[in-house]
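Below is one structure; the comments refer to it alone.
Protein chains: 2
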Amino acid sequence: MQNKEIARRVRLFIETCRRHQLKITPQRVGIYRVLIQSQRHPTADLVFRVVKKEFPNISFDTVNRTLSTFAEIGVLDVVETFGGPKRFDPDITDHHHLHCMACGRIIDFEYEGYARLEVPKAIATTFKVISRRVVLKGLCDTCTAKQQMF
Amino acid sequence: MQNKEIARRVRLFIETCRRHQLKITPQRVGIYRVLIQSQRHPTADLVFRVVKKEFPNISFDTVNRTLSTFAEIGVLDVVETFGGPKRFDPDITDHHHLHCMACGRIIDFEYEGYARLEVPKAIATTFKVISRRVVLKGLCDTCTAKQQMF
DNA sequence: TCTTAAATAGGATTGATTCCTATTTGTCAA
DNA sequence: TTGACAAATAGGAATCAATCCTATTTAAGA
Ligand SMILES: [Mn+2]
Ligand SMILES: [Mn+2]
Ligand SMILES: [Zn+2]
Ligand SMILES: [Zn+2]
Numbered sequence: 000m001q002n003k004e005i006a007r008r009v010r011l012f013i014e015t016c017r018r019h020q021l022k023i024t025p026q027r028v029g030i031y032r033v034l035i036q037s038q039r040h041p042t043a044d045l046v047f048r049v050v051k052k053e054f055p056n057i058s059f060d061t062v063n064r065t066l067s068t069f070a071e072i073g074v075l076d077v078v079e080t081f082g083g084p085k086r087f088d089p090d091i092t093d094h095h096h097l098h099c100m101a102c103g104r105i106i107d108f109e110y111e112g113y114a115r116l117e118v119p120k121a122i123a124t125t126f127k128v129i130s131r132r133v134v135l136k137g138l139c140d141t142c143t144a145k146q147q148m149f
Numbered sequence: 000m001q002n003k004e005i006a007r008r009v010r011l012f013i014e015t016c017r018r019h020q021l022k023i024t025p026q027r028v029g030i031y032r033v034l035i036q037s038q039r040h041p042t043a044d045l046v047f048r049v050v051k052k053e054f055p056n057i058s059f060d061t062v063n064r065t066l067s068t069f070a071e072i073g074v075l076d077v078v079e080t081f082g083g084p085k086r087f088d089p090d091i092t093d094h095h096h097l098h099c100m101a102c103g104r105i106i107d108f109e110y111e112g113y114a115r116l117e118v119p120k121a122i123a124t125t126f127k128v129i130s131r132r133v134v135l136k137g138l139c140d141t142c143t144a145k146q147q148m149f
């Protein structure tokens with residue numbers, strides 16, 4: 000990602016914080032910058048270890064609390080998992096997930112075919128739907144290859 | 000669920016255990032009986048507390064390990080969550096989930112509209128897909144009603 | 001029965017998350 | 001620019017979930 004693009008997103012992020020009456024702290028901006036440049040779907044601990052390079056005495060609690068705050072204001076998504084630590088997704092655009100049961104990778108994909116998963120009427124009238132996603136369980140390319148070896 | 004239906008399912012379950020060379024222990028059968036009669040998507044701890052009534056000195060570890068074993072042999076599913084303890088699903092037929100972000104309930108639904116979510120070619124050729132499900136985030140009926148009050 | 005590997009109970013350990021509180025800091029109004 | 005104050009942070013403790021360890025028990029086949 001270009002420095003220019005990062006700067007642009009940080010500006011938008013700061014706007015979002017202001018809208019929600021959140022203080023603009025160096026920690027929050029630092030965590031946000033790590034997040035948008037991170038591999039997809041990092042855990043809090045991974046974000047912590049990366050952001051620690053820039054803020055050597057940031058605490059894990061701050062990172063974790065901040066990620067939850069970001070989820071609340073819509074800066075990121077908490078994604079579905081099948082156990083283990085929470086995983087966060089800086090990509091808040093509509094997309095779908097394949098979970099590799101062997102290595103735990105979560106692979107993003109988009110698909111016109113289910114572009115707008117319409118919600119069944121019975122659900123739409125009784126429940127308030129916030130987000131929708133197709134979740135696949137399976138084996139990723141690397142892990143499929145490994146299995147073949149036996 | 001009828002006693003007769005329970006007995007039928009237990010017989011099938013025992014067959015499945017035999018096929019996988021698993022011993023038929025009273026604990027395993029007890030856990031299975033609790034599971035098929037449980038509210039949907041219980042945690043290991045909930046199953047433990049219920050099964051404890053019949054087996055007062057069963058250990059949590061046994062329940063937890065058994066649930067994992069059941070998942071391995073396809074007797075149940077581990078379902079997607081957004082943090083918190085693992086949740087298990089005795090209903091292994093194809094269906095979809097709505098997660099209430101307020102109370103944590105997972106509501107099952109079926110929908111002809113996504114009857115067979117075909118997997119995009121790009122995914123199908125590189126990855127081995129085991130299961131597919133539409134996952135909705137939202138608010139359940141009860142929690143939507145509560146929100147209205149403010 | 002007898003044998004043996006598998007399974008269990010119960011406690012310890014690890015891992016993830018949240019809580020607690022003294023201290024620091026961003027923000028806003030003077 | 002400064003001062004006041006609520007919000008946020010650091011660091012450690014506590015809680016909750018999951019797994020590990022090991023002595024003992026038990027299901028199943030001979
Ligand atoms: Mn994603
Ligand atoms: Mn279900
Ligand atoms: Zn993989
Ligand atoms: Zn609810």
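Note that the protein sequences, when read in sequence, are chains A and B.
The first sequence runs 0 to 149 under numbering that gives the first Met the number 0.
The second sequence runs 0 to 149 under numbering that gives the first Met the number 0.
Every residue gets a Cβ at the ideal spot worked out from N, C-alpha and C, and that includes glycine.
In the pairwise beta carbon analysis, the region 97-115 of chain B is classified as not touching the region 88-95 of chain A: fewer than three pairs are separated by under 8 Å. A distance below 6 Å between beta-carbons, with the five flanking residues on each side excluded, links B/L116 to the following residues of its chain, in chain order: R131. Along the region 68-125 of chain B, the beta strand (DSSP E) occurs as fully enclosed runs of 3 or more residues at 76-78, 86-88, 95-99 and 105-108, listed in sequence order. Per DSSP, the continuous alpha helix (DSSP H) segment holding A/K51 begins and ends at A43 to E53. Per DSSP, reduced to three states, the secondary structure at A/K22 is coil, with no helix or strand assignment. DSSP, reduced to helix, strand and coil, places B/I57 outside both helices and strands of the structure shown, so it counts as coil. About 4 Å separates the beta carbon of A/V62 from that of A/F47, a gap short enough to meet the 8 Å contact definition.
Residue contact with chain A for B/E4: absent (no Cβ-Cβ distance below 9 Å to any residue of chain A). Here the distance from the Cβ of A/I35 to the nearest heavy atom of ligand 1 is not below 8 Å. Inclusion of B/H40 and B/V78 in the CB contact set at 9 Å is warranted, their separation being smaller than that value. Think of a sphere of 8 Å around the beta carbon of A/K85: the chain B residues whose beta carbon falls inside it are F81 and G82, in chain order. Pairing B/V50 with B/H95 gives a Cβ-Cβ distance that is not under 9 Å. Relative to A/E53, the option among A/D140, A/R32 and A/I72 whose CA is nearest is A/R32. Between the C-alpha atoms of A/I13 and A/I35 there is a straight-line separation of about 14 Å. Taking C-beta atoms as the reference points, B/I72 and B/C142 fail to come closer than 9 Å. Taking each of B/N2, B/A144 and B/L138 in turn and checking the Cα distance to B/R104, the smallest one comes out for B/L138. For A/A121, the distance from the CB to the nearest heavy atom of ligand 4 is not below 8 Å. Contacts between A/K127 and chain B, judged by CB atoms closer than 7 Å, involve G137, L138 and T143 in chain order. For A/S37, no Cβ of chain B is located within less than 9 Å of the residue's own Cβ.
Against chain A, the CB of B/G112 has a partner CB under 9 Å away; the residue lies at that interface.
Around the Cβ of B/L66, a 10 Å sphere holds 16 or more other Cβ atoms; the residue is buried. At least one heavy atom of ligand 1 is found less than 8 Å from the C-beta of A/R39.
Residue-level contact check: A/C102 does not touch chain B, since none of the beta carbons of chain B fall below 9 Å from its beta carbon. Look at A/I106: its C-beta is under 9 Å from a C-beta on chain B. Nearest in C-alpha terms to A/V28, of all of A/K3, A/F69 and A/Q1, is A/F69. At least one beta carbon of chain B lies nearer than 9 Å to the beta carbon of A/P119. Per the coordinates, the alpha-carbon of A/R7 lies some 25 Å from the alpha-carbon of A/I57. Of the candidates B/L45, B/D140, B/H19 and B/F126, B/F126 places its Cα closest to the Cα of A/L97. Contact check for B/I122 against A/L135 passes: the beta carbons are separated by less than 9 Å. Along the region 23-49 of chain A, there is no position whose C-beta sits under 7 Å from a C-beta of chain B.
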